[in-house]
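In the numbering used here, the protein residues as written are 3 to 128.
Written out as structure tokens, the structure is:
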């Protein structure tokens, strides 16, 4: 994953399946055919490319490979968030939150959650 810091939207689709459970190629085909309409060859190509990039790995059991993600969803989401923050908001969390607030994108529950996150961060900073 070090070589590729940001997942493509197609790679996210595969990872979402694998974060739910390790899967064989045929299980991935079934899941992705249902959710995004991919064929077996499309899934096989994505899995091969992701394996080459080091994004996913597998365990072999006889002739069957069971694929699993190399990194957790939380690690990938944190990297993607940092990339977005750096590119779109010059690294400013304040600019990001302000953009969300100005567009009325924050619910009362979101605001309460942000206050709680900030309270915990303040406590940890002491």
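Each residue gets a CB set at the ideal place from its N, CA and C atoms; glycine is no exception. Keep in mind the model is a prediction, meaning the values are calculated, not measured.
Per DSSP, cross-strand counterpart(s) of residue i
i	result
residue 58	71
residue 63	66
residue 25	69
Three-state secondary structure assigned by DSSP to residue i
i	result
residue 94	coil
residue 10	coil
residue 43	helix
residue 83	helix
residue 37	helix
residue 2	Because the chain spans 3 through 128 in this model, residue 2 falls outside it and cannot be assessed.
residue 105	coil
Local Cβ density within 10 Å of residue i, reported as buried at 16 or more and exposed below that
i	result
residue 41	exposed
residue 49	buried
Contact check, residue i vs residue j, beta carbons under 8 Å
i	j	result
residue 70	residue 59	yes
residue 9	residue 19	no
residue 87	residue 93	yes
residue 56	residue 78	no
Supposed contact pair residue j and residue i - C-beta distance, whole angstroms, cut 8 Å
i	j	result
residue 45	residue 27	7 Å
residue 68	residue 24	5 Å
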